[in-house]
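Note sheet for the following structure.
There are 2 protein chains.
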Amino acid sequence: MAHILVVEDEPTLRILMTRMFRDAGYQVTAAATGAAGLQAALGAQHDLVVLDLMLPDLSGEEVLRVLLAARPDARVLILSSVAEVGRRVAVLDRGAADFVAKPFVNGDLMARVRLRIRDQGSFATNPTHTEVGDGAHLDLHRRDLVINGQRVQLSHREFTLMAHLLHRRGEVCTRQELLADVWGIAFDPGTNVVDVYVGRLRAKLASDTIETVRNVGYRLLAS
Amino acid sequence: MAHILVVEDEPTLRILMTRMFRDAGYQVTAAATGAAGLQAALGAQHDLVVLDLMLPDLSGEEVLRVLLAARPDARVLILSSVAEVGRRVAVLDRGAADFVAKPFVNGDLMARVRLRIRDQGSFATNPTHTEVGDGAHLDLHRRDLVINGQRVQLSHREFTLMAHLLHRRGEVCTRQELLADVWGIAFDPGTNVVDVYVGRLRAKLASDTIETVRNVGYRLLAS
DNA sequence: CTGTGAAGTGACAAATCTGTTATCCGGCTT
DNA sequence: AAGCCGGATAACAGATTTGTCACTTCACAG
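Those protein sequences? They're chains A and B, same order as listed.
First residue of the first sequence: 63, per my numbering; consecutive thereafter.
First residue of the second sequence: 63, per my numbering; consecutive thereafter.
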C-alpha cells in the first residue's frame, strides 16, 4: 500500500488531508513543521510527500532542497496559496513533481495525488536514477544531472557525454572514445565537437570538474 | 566474467578472435553460421555479440533484426568489410551497439569490445529498458521505442507521452491528465498540443495503435 | 623568449523540436 | 440536408540544439 507524508502546519487542513488520503486507502504520516516533516521524509521511504510551501519554521523550498539532495528520487507535491503561484516554476524546476494551489477542490487534489503515486509505482520498478558516487545522480527521465543538490538541465548530447564521463570518473577518456561512444562516430578525425561540448558542460558545472589531459582527452575528477 | 558470442564464418578470423578474447579474460562462444549464432544468442545471455555482416546462410542484418526483436537489450557489435561501410548507419539505426570495419587492427577491435562490455556492465545495474507487455520496450538511453522489432526514434515529448500511454495501456487517458502529467500544465484549457502530439505518434506507429475516445481522451490498445 | 600545436571560445547556420493557429473532415443532431 | 462540434492535420514561427569554423589563449619545447 502506498505511503503518503503530509507536511502542513494548519491543523484543519492537515487533518482534512490525512482523513481524505486515508479514506482513499493510503497509509498517511502527518507532520506540522518543516523540521518534523524533513525528519519523517528522511527516516522512511514515502511514495509521495505533500508539502506546504508556507511553514512556520523552515520554508518549503528549503525542505524541498534538502529532501531532494538526500533522495533525488522523492516525489514531492507542492501545496501553496494562489498568492505564491509565482513560485510554481521555481519549485518544479527544483525537482518537485507537481504543484497545486490552495484553496483546492478535494477531488482535484486527490486526482493529482493518485496520478503521481501511480506514476512512481510503474517507473519505480526500473530505477531512473543512476547513482554515481558522491552527490551526483543522473535522472534518466528528466534528462538532467543532480549534483550536490543542484539540478542542472542538460541537452541530450550533454547528458550522454556527462553520463559517459561519470561512468569512467577518474579515468581518462580519449576524444576518439568519446566520439565513438557518445556521437557514434567511428573514424572521422577533424572535428572539435568534443571540445565544444566539454566546454558547454564546464559552463554548467563547477568549471574544475572536468580535467583536461593534454594530448589525450578528458577526465572527470574522481570525487 | 563477461561472455562474448562470436558469429563469423571465416575460420581463420573466427579462431583469431576467439583466442584474442579468451586471452583477454572473456568467456567466448563461437558460431560459424547465422543460424547457429542466432540459436546461441537466443539460448544464453551474452554480454556482447560480435556479428559478421556477411554470412553464408542468413544475412547479418537478418540475424540482428531477429535477435533484437527477441532481446532488445542485447549489445551487438557489427563486423563488416569496408566495402559495406554504407550499411553502417542502417545497422546502428536498427540498434547495433557499434560497427567495426574489416580489416581491423586487433587492438582497435579489442578496445571497442572492452568499451561496449564495460558500458553494459555499468548501465545494466539500472535497467534502461522498460518492458511494457507484448513487443514494446522503452529505451531510456536512446529515448526511443522498440515495437515488434522496429526501432522508432522519438523526440523528448513524444517519448514522455508514449511512456504515459504505455503505462496505462488499455485505459483511457483524458487530455487533462496527459496535459498534467506529460506537459506539467495544471489548469490551462485551450490548447490542442495533446491532439497534435498524438497525431505525431500515430504517424510514427501503426496508426491504429492509439484509439480516440470521443469527448474523453485517448487510449493505447491493450495489445 | 618565441614558435608551434593543442585546447578554449564566440558566433553562426542548419536541423530539430515545440506549441499555436487555421483549416479540413466526419459523425451527430436538428 | 444543414449546421455544429470534436478531432485530425498542415503550415508556421519561435526556441533549442547541434556541429562547424575562425580566432584566441595556453602550455610546452627549443
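We put the CB at the ideal spot given by N, CA and C, even for glycine.
Just so you know, these numbers come straight off a predicted model, no measurement behind them.
- For B:L263 against B:L223, the beta-carbon gap comes to about 7 Å, under 8 Å, which counts as contact.
- Straight-line measurement puts the Cα of B:D109 at about 17 Å from the Cα of A:D243.
- If you draw a straight line from the Cα of A:R178 to the Cα of A:D160, it comes to about 8 Å.
- Closest in C-alpha terms to A:V208, from the list A:D135, A:Y259, A:Q101, comes A:D135.
- Here the alpha carbons of B:S217 and A:R219 stand approximately 13 Å from one another.
- In this structure, the straight-line span from the alpha carbon of B:F83 to that of A:L241 is close to 24 Å.
- DSSP places B:L207 in the uninterrupted beta strand (DSSP E) bounded by 206 to 209.
- For A:F166, there is no enclosing beta strand (DSSP E), since its DSSP letter is neither H nor E.
- Interface annotation, A:L110: not in contact with chain B, CB-CB separation never under 8 Å.
- Here B:Y88 carries a coil assignment [DSSP, helix/strand/coil].
- In the assembly as shown, A:M79 is a buried residue. Its beta-carbon has 16 or more other beta-carbons within 10 Å.
- For A:T236, the enclosing beta strand (DSSP E) has its first and last residue at 234 to 236.
- Residue pairing by DSSP places B:R230 opposite no residue, since no beta bridge is assigned to it.
- Taking 8 Å as the threshold, the shortest C-beta distance from B:E233 to chain A does not fall below it.
- One finds A173, L177 in chain A with Cβ atoms closer than 9 Å to the Cβ of B:E239, taken in chain order.
- Counting only residues of its own chain and dropping the five nearest sequence neighbours on each side, B:R76 has a CB closer than 7 Å to the CB of V68, E70, A92, A94.
- The C-beta distance from B:S142 to B:M116 rounds to 7 Å, short enough to fall under 8 Å.
- Annotation: B:G122 is outside any beta strand (DSSP E); the continuous alpha helix (DSSP H) that includes it extends over 122 to 132.
- By a beta-carbon distance limit of 8 Å, A:I140 does not contact A:L120. Their separation comes to about 14 Å.
- A Cβ of chain A is located within less than 8 Å of the beta carbon of B:L202.
- Taking 8 Å as the cut-off, the Cβ atoms of B:L130 and B:V214 do not count as close.
- B:G232 and A:G87 have their C-alpha atoms some 24 Å from each other.
- Counting the other Cβ atoms within 10 Å of the Cβ of B:D257 gives fewer than 16, which makes it exposed.
- In the three-state reduction of the DSSP assignment, A:D109 falls in the coil class, being assigned neither a helical nor a strand state.
- Distance check between B:A103 and each of B:V138, B:P118, B:P73, B:R81 places B:V138 closest, using alpha-carbon atoms only.
- Annotation for A:R213: no alpha helix (DSSP H) segment contains it, though the beta strand (DSSP E) segment containing it runs 212 to 215.
- Of the other Cβ atoms in all chains shown, 16 or more fall within 10 Å of the Cβ of B:E239; this residue is therefore buried.
- Closest option to A:P73, judged by alpha-carbon separation, among A:T274, A:P118, A:I247: A:P118.
- Per DSSP, the beta-bridge partners of A:Y280 are A:C235, A:T274.
- Judged by their CB atoms, B:M63 and B:Q101 are not nearer to each other than the 8 Å cut-off.
- The continuous beta strand (DSSP E) containing A:V138 extends over residues 138 to 143.
- Rounded to whole angstroms, the separation of the alpha carbons of B:Q107 and A:C235 is 29 Å.
- Under the three-state reduction of DSSP output, B:D201 falls in the strand class.
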